[in-house]
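In my numbering, the protein residues as written are 1 to 305.
All remarks here apply to the structure that follows.
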Amino acid sequence: MNLSTNLAGIPLKNPTILASGVMGVSTSSMKFVQENRAGAVTCKSIGHEERKGHHNPTVYSWGQGITNAVGLSNVGVDDGTVLLKEMIDALEIPVISSCFADTVDNLARVAEKLMASKPVAIELNLSCPNTENDFGLMFALDPEATTRAVSQVKKIAGNTKVFVKLTPDASNIVDVGKAAEAAGADALTATNTLSGMIIDIHTKRPILTNKFGGLSGPAIKPVSVRAVWNLYNAVKIPIIGTGGINTGEDAIEYIMAGATAVGIGSGVYYRGIDVFKKITDEMSAFMEKEGYKSIEEMRGIAHKS
Ligand SMILES: Cc1cc2nc3c(=O)[nH]c(=O)nc-3n(C[C@H](O)[C@H](O)[C@H](O)COP(=O)(O)O)c2cc1C
C-alpha cells in the first residue's frame, strides 16, 4: 500500500509525524522513533534560554486524555542547535525543529539559530504568551500577532519551510490560519493542546502544580478534526492534523477532513513507541479493505460526500 505523501514539498514515506514535545531533542530517542516507522519527527520546542519548566506534577493522565503543564522546559537555543545538528546528521527521515519565544524579535532570533542546523522545516509554536501585548496572550489567539511572527521568521527562513502550530483555544482558528498563510506559512499544524484543568476533589486542589494544563489525547480529537475541516475549506497550504490520534482509523479521519499528514504525541504514551508502525499497518489494512490506493485519494474526501 502506498502511504507516501508530500508535505509542502517535503516527501514523506508515510504521513505519521512525531508531534513536538513528546520525545525531547534526543538523537537516540528519535532514532528509535525512526526505527518504528515514523514518516518524520518534530523536536521539543526550543526557546531563547534554558528553562527548567514547572515543578511536578506536570503531566497527569485521566480517563479520556492527558493534561500537561511541562512549562516549555528546554535546553535553550545554543545547546539546542548542537543537539538538533547531531540529530539531523544521524536521521534519514525529515526533522522538523520547533521554537517559541516571548516576542516576535526573539522568535526570529531563535528560529535563525535553529535554521543553521538545516532542519527541513521549523514549526513555530505560537501557543506561548506574547509579552508584546498587554495581557500576555498567546500569539496564536490573535491573527495580527500571528502575521507579525510569521512574516518576521519568513524574512530569514531562506529555503527552510515555516510551519505554524495553531491553538484550539483561538476563538476563530480559521482567521489565525488564514493570517499565517497570508504571511507566508508553508503549512499549518492543527492543533496544539486545549486548555483545561483537573481538580482532585479529595485534596481540593488542582492536580497540576501550574493549575491549568494542556489537554491532549482522545478527548481533543473531535475539536482538532473540526479545526482541520474548517481550515481545509479556507487555506491552500497543507495541514498536519494533530490531536488524539491513536489508531490508523483516527489518522484516516483527519486525512478525510483534509489533512496531508498527521501528528502523533500522546499516542506514544497510549500505544508505545511502535505506535507509528501500528498506525501505518492499520491505515494500510483500512485502505486495502475499502479499496483506496493512496493518501491523496482520501484527502478531504469527507467534504465531497
Ligand atoms: C507532555 C507534552 C509536551 C508537549 N510539548 C510541546 C512542545 O514543546 N511544543 C509544542 O508545540 N507542542 C507540545 N505538545 C503538544 C503536542 O505536540 C500535540 O500538539 C498535542 O499533544 C496534541 O496531540 P496528541 O493528542 O497526539 O498528544 C506537548 C504535548 C504533551 C502531551
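The C-beta atom is built at its ideal place from N, Cα and C for all residues, glycine as well.
Return helix, strand or coil for Y232, following the three-state DSSP convention. helix
By a C-beta neighbour count over all protein chains shown, 10 Å radius and 16 as the cutoff for buried, is P168 buried or exposed? buried
Under the assumption that S80 contacts V25 (Cβ atoms under 8 Å), give the Cβ distance between them as a whole number of angstroms. The identity of residue 80 in the sequence shown is Gly, whereas the question assumes Ser. Rounded, the Cβ-Cβ distance is 6 Å, consistent with contact.
Does the Cβ of S29 lie closer than 7 Å to at least one heavy atom of ligand 1? no
List, from N- to C-terminal side, the beta strand (DSSP E) runs of 3 residues or more that fit wholly inside the segment 150-196. DSSP runs (the beta strand (DSSP E)) wholly in the segment 150-196: 161-166 and 187-190.
How big is the Cα-Cα spacing for G71 and E50? 12 Å
Euclidean distance between Cα positions of T191 and M197: 18 Å
Close beta carbons around K277, own chain, < 8 Å, minus the five adjacent residues each side: N36 and R37
Drop a sphere of 10 angstroms on the beta-carbon of R205, count the other beta-carbons inside from all chains shown, and report buried for 16 or more, exposed for fewer. Counting every other CB atom within 10 Å of its CB across the protein chains shown gives R205 a total below 16, marking it as exposed.
Tell me the start and end of each unbroken alpha helix (DSSP H) in the segment 101-128 that is at least 4 residues and wholly inside, in chain order. 104-115
Pull up the distance between the alpha-carbon of P218 and that of G9, whole angstroms please. 30 Å
Rounded separation between G89 and V59 - CA only: Contrary to the premise, residue 89 reads as Asp rather than Gly in this sequence. Whole-angstrom Cα-Cα distance: 31 Å.
Using a threshold of 7 Å, is the CB atom of G39 nearer than that to any non-hydrogen atom of ligand 1? no
Work out the CA separation of E290 and F212 for me, nearest whole Å. For F212 and E290, the distance between alpha carbons rounds to 42 Å.
Residue nearest to A121 in terms of C-alpha spacing, selected from L137, S127 and V153: V153
How about F163 and D200: do their beta carbons lie closer than 8 Å? No.
Does the pairing of the segment 62-69 with the segment 89-99 give three or more beta-carbon distances under 8 Å? no
Looking at the unbroken alpha helix (DSSP H) that takes in S28, where does it start and where does it end? Counting along the chain, the alpha helix (DSSP H) containing S28 begins and ends at T27 to E35.
Cβ distance (whole Å) where S29 is taken to contact G53 below 8 Å: With 8 Å as the limit, S29 and G53 do not qualify as a contact, their Cβ atoms being about 18 Å apart.
Under the criterion of a Cβ to heavy atom distance below 7 Å, does A302 qualify as lining ligand 1? no
Within 10 Å of its beta-carbon, does G136 have 16 or more other beta-carbons around it, so buried, or fewer, so exposed? exposed
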